[in-house]
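Colleague: Residue 525 is where the sequence shown starts when you use the numbering used here, and the numbers rise one by one after that.
Ideal Cβ placement from N, Cα and C applies to all residues, glycine included.
Here the structure is a predicted model, which means the values were calculated and not measured.
Structure in structure tokens, see below.
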Amino acid sequence: MYEYKKYEHLAITKKGSIAKLMLNRPKKRNAISDVTLVELESAIRELELDDEVKVIIFGGEGVAFCSGVDLFAHASEIKNHVPSEWLVHFDRFTRVGLAMFHCKKMLICAVQGAAYGFGFDLALVGDFTIMAEGTTGGLTENDRLSADMMMLLPYLTGIKNAKRLMFLYEKLTAEECLEMGLVNKVVPADQLMEEAEALAARLAVVPSITLEQNKRALTHAYDLMGVREAFEFNMQSGALIEQSADPVARAERNAFILEHGVSAWLKAHDAEMEQKAKEV
525 MYEYKKYEHL AITKKGSIAK LMLNRPKKRN AISDVTLVEL ESAIRELELD DEVKVIIFGG
585 EGVAFCSGVD LFAHASEIKN HVPSEWLVHF DRFTRVGLAM FHCKKMLICA VQGAAYGFGF
645 DLALVGDFTI MAEGTTGGLT ENDRLSADMM MLLPYLTGIK NAKRLMFLYE KLTAEECLEM
705 GLVNKVVPAD QLMEEAEALA ARLAVVPSIT LEQNKRALTH AYDLMGVREA FEFNMQSGAL
765 IEQSADPVAR AERNAFILEH GVSAWLKAHD AEMEQKAKEV
């Protein structure tokens, strides 16, 4: 039996040919730090090496699937704000995005509570996405670039809705995500994992080579349409946007987050953006 590493921010369990990969920072609403990104890429690579596994259920422990980037960790992880540092930072997002999109195993995302920013990206990257009723999600900071999987939006939902999601920072309901084609199914919250496991069981009876090769053919088709290049171009865009930020404003934001917390900053940020919109 394959022996998995012990992870700080993740938990892996396995039953037969179905594995569960869970974000395991419930007190942080499964926010993503650089540590989480490194661990996610490693865990995906490990699961690919386990010949017993056919299907991966990817979820988050606690009330929220993923609240997005851990801005508290981010405030201290990025120290010098030079281009090379930002490129390394965004490269971690790109590597995770490509690893999950091209994962040899079937990937089911089970999403509950909240999926914002990079958490919304993670919710979309699965081969199948099941979302619990009452879940909200979206790219909620229109002045900051989200990570790479949002480059899938034009393919998933068309360019008009992609621009709506990227520029209007709306919070979508699970039903709206279903209507846009971003998720496969919306289920009662208490049935989320049951539904994910039932879908995984249906997939697990298919021969491994059939699952792997058919998925490989589909993802290759999207690679030919430019998905990989879009991910990588977006890495450069993200680094450029972050590097262009006013250093005084950035320092003030980071100091505010470290002193008062992420929730307080997000509340203040949303209010500021709404006020600016009114003044235009």
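Could you please give me the residues that DSSP links to methionine 655 through a beta bridge?
Modeller: Here the question's residue 655 lines up with position 131 in the sequence shown. Partner(s): Val635 and Val710.
Colleague: What residue range does the beta strand (DSSP E) around phenylalanine 757 cover?
Modeller: Working through the sequence shown from its first residue, we reach residue 757 at position 233. Taken as a continuous stretch (DSSP letters only), phenylalanine 757 belongs to no beta strand (DSSP E), being part of the alpha helix (DSSP H) at 751–768.
Colleague: Could you name the residues that DSSP lists as bridge partners for tyrosine 640?
Modeller: By 1-based counting over the sequence shown, the position of residue 640 is 116. For tyrosine 640, the beta-bridge partners assigned by DSSP are Gly662.
Colleague: Let's test the definition: count the other Cβ atoms within 10 Å of the Cβ of valine 810 and tell me whether it reaches 16, buried, or not, exposed.
Modeller: With the chain covering only 525 through 804, there is no way to say anything about residue 810.
Colleague: Spell out the partners DSSP gives phenylalanine 582 in its beta bridges.
Modeller: Against the sequence shown, residue 582 aligns to sequence position 58. For phenylalanine 582, which the question treats as bridged, DSSP gives the partners Leu545 and Cys633.
Colleague: What residue from Leu790, Tyr640 and Val579 has the CA that sits closest to lysine 539's CA?
Modeller: Here residue 539 corresponds to residue number 15 of the sequence shown, with the count starting at 1. Lysine 539 has its Cα closest to that of Val579, out of Leu790, Tyr640 and Val579.
Colleague: So leucine 545 and leucine 561 are in contact, right, with Cβ under 8 Å, and what is the actual spacing, rounded?
Modeller: Taking the sequence shown and counting its residues from 1, one reaches residue 545 at position 21. Taking the sequence shown and counting its residues from 1, one reaches residue 561 at position 37. 14 Å between Cβ atoms; not a contact.
Colleague: For alanine 535, which three-state DSSP category applies?
Modeller: Walking along the sequence shown from the start, residue 535 turns up at place 11. Residue state, collapsed to three classes: strand.
Colleague: Express the C-alpha separation of lysine 791 and glutamate 798 in angstroms, rounding to a whole number.
Modeller: Counting from one through the sequence shown, the residue named residue 798 turns up at place 274. Counting from one through the sequence shown, the residue named residue 791 turns up at place 267. Taking the straight line joining both Cα atoms gives about 11 Å.
Colleague: What is the DSSP secondary structure of valine 772, reduced to helix, strand or coil?
Modeller: Position 248 of the sequence shown holds residue 772. DSSP places valine 772 in helix when its eight states are reduced to three.
Colleague: Between Ala555, Asp747 and Glu565, which has its C-alpha nearest alanine 623's C-alpha?
Modeller: Taking the sequence shown and counting its residues from 1, one reaches residue 623 at position 99. Residue Glu565 is the option with its Cα nearest to alanine 623.
Colleague: How is cysteine 590 classed by DSSP in three states: helix, strand or coil?
Modeller: As a working mapping, residue 590 is identified with position 66 in the sequence shown. Residue state, collapsed to three classes: strand.
Colleague: Verify whether the separation of the beta carbon atoms of aspartate 651 and leucine 631 is less than 7 Å.
Modeller: For the purposes of this step, residue 651 is identified with residue 127 of the sequence shown, where counting begins at 1. For the purposes of this step, residue 631 is identified with residue 107 of the sequence shown, where counting begins at 1. Cβ distance < 7 Å, so aspartate 651 and leucine 631 count as in contact.
Colleague: Can you list, in chain order, the residues of its chain with a C-beta nearer than 6 Å to that of lysine 709? Leave out the 5 residues immediately preceding and following it.
Modeller: For this step, residue 709 is matched to residue 185 along the sequence shown. Ile654.
Colleague: Cα separation between valine 730 and alanine 543?
Modeller: Here residue 730 corresponds to residue number 206 of the sequence shown, with the count starting at 1. Here residue 543 corresponds to residue number 19 of the sequence shown, with the count starting at 1. Each residue's Cα considered, the two are about 16 Å apart.
Colleague: If we call anything under 7 Å between Cβ atoms a contact, is lysine 629 one with valine 577?
Modeller: Looking up residue 629 in the sequence shown gives position 105. Looking up residue 577 in the sequence shown gives position 53. Closer than 7 Å, so yes.
Colleague: Can you check whether the CB of threonine 664 is closer than 7 Å to the CB of tyrosine 693?
Modeller: Looking up residue 693 in the sequence shown gives position 169. Looking up residue 664 in the sequence shown gives position 140. Yes, they are a contact pair.
Colleague: Compare the beta carbon distance of threonine 495 and methionine 759 with 7 Å and say whether it is the shorter of the two.
Modeller: Lying outside 525 to 804, the shown extent of the chain, residue 495 is not represented and no answer is given.
Colleague: What do you get for lysine 552, buried or exposed, if any count of 16 or more other CB atoms within 10 angstroms of its CB means buried?
Modeller: On the sequence shown, residue 552 is found 28 positions in, with the first residue counted as 1. Classification of lysine 552: buried, given that the 10 Å Cβ count is 16 or more.
Colleague: Would you list the one or two residues that DSSP bridges to leucine 696?
Modeller: Looking up residue 696 in the sequence shown gives position 172. Per DSSP, the beta-bridge partners of leucine 696 are Gly661.
Colleague: Does the distance from the CB of glycine 662 to the CB of lysine 695 come in under 7 Å?
Modeller: Residue numbering aside, residue 662 sits at position 138 when the sequence shown is read from its first letter. Residue numbering aside, residue 695 sits at position 171 when the sequence shown is read from its first letter. Yes, they are a contact pair.
Colleague: Is the CB-CB distance between isoleucine 781 and phenylalanine 614 below 7 Å?
Modeller: Along the sequence shown, one-based indexing puts residue 781 at 257. Along the sequence shown, one-based indexing puts residue 614 at 90. No, the Cβ-Cβ distance between isoleucine 781 and phenylalanine 614 is not below 7 Å.
Colleague: On the CB-based measure, 16 or more other CB atoms within 10 Å of its CB, does glutamine 636 come out buried or exposed?
Modeller: The residue labelled residue 636 in the question sits at position 112 within the sequence shown. When all chains shown are included, glutamine 636 counts as buried.
Colleague: What are the boundary residues of the alpha helix (DSSP H) that valine 562 is part of?
Modeller: The residue labelled residue 562 in the question sits at position 38 within the sequence shown. Segment 558–573, the alpha helix (DSSP H) holding valine 562.
Colleague: Quick one: Cα of glutamate 532 to Cα of isoleucine 568, how far?
Modeller: Position 8 of the sequence shown, counted from the start, is the residue given in the question as residue 532. Position 44 of the sequence shown, counted from the start, is the residue given in the question as residue 568. Answer to the nearest angstrom: the Cα atoms are 15 Å apart.
Colleague: For the candidate residues Arg774, Val649 and Asp575, whose alpha-carbon lies nearest to that of valine 848?
Modeller: Since the first and last residues shown for the chain are 525 and 804, residue 848 lies out of range.
Colleague: Which residues mark the beginning and the end of the alpha helix (DSSP H) in which histidine 744 is found?
Modeller: On the sequence shown, residue 744 is found 220 positions in, with the first residue counted as 1. Looking at the DSSP string, the run of the alpha helix (DSSP H) that includes histidine 744 is 732–748.
Colleague: Would the beta-carbon of glycine 658 fall within 7 Å of that of glycine 592?
Modeller: Indexing the sequence shown from 1 puts residue 658 at position 134. Indexing the sequence shown from 1 puts residue 592 at position 68. Cβ atoms of glycine 658 and glycine 592: not closer than 7 Å.
Colleague: If you reduce the DSSP assignment to three classes, tell me which class cysteine 627 lands in.
Modeller: The residue you call residue 627 lines up with position 103 of the sequence shown. Coil.
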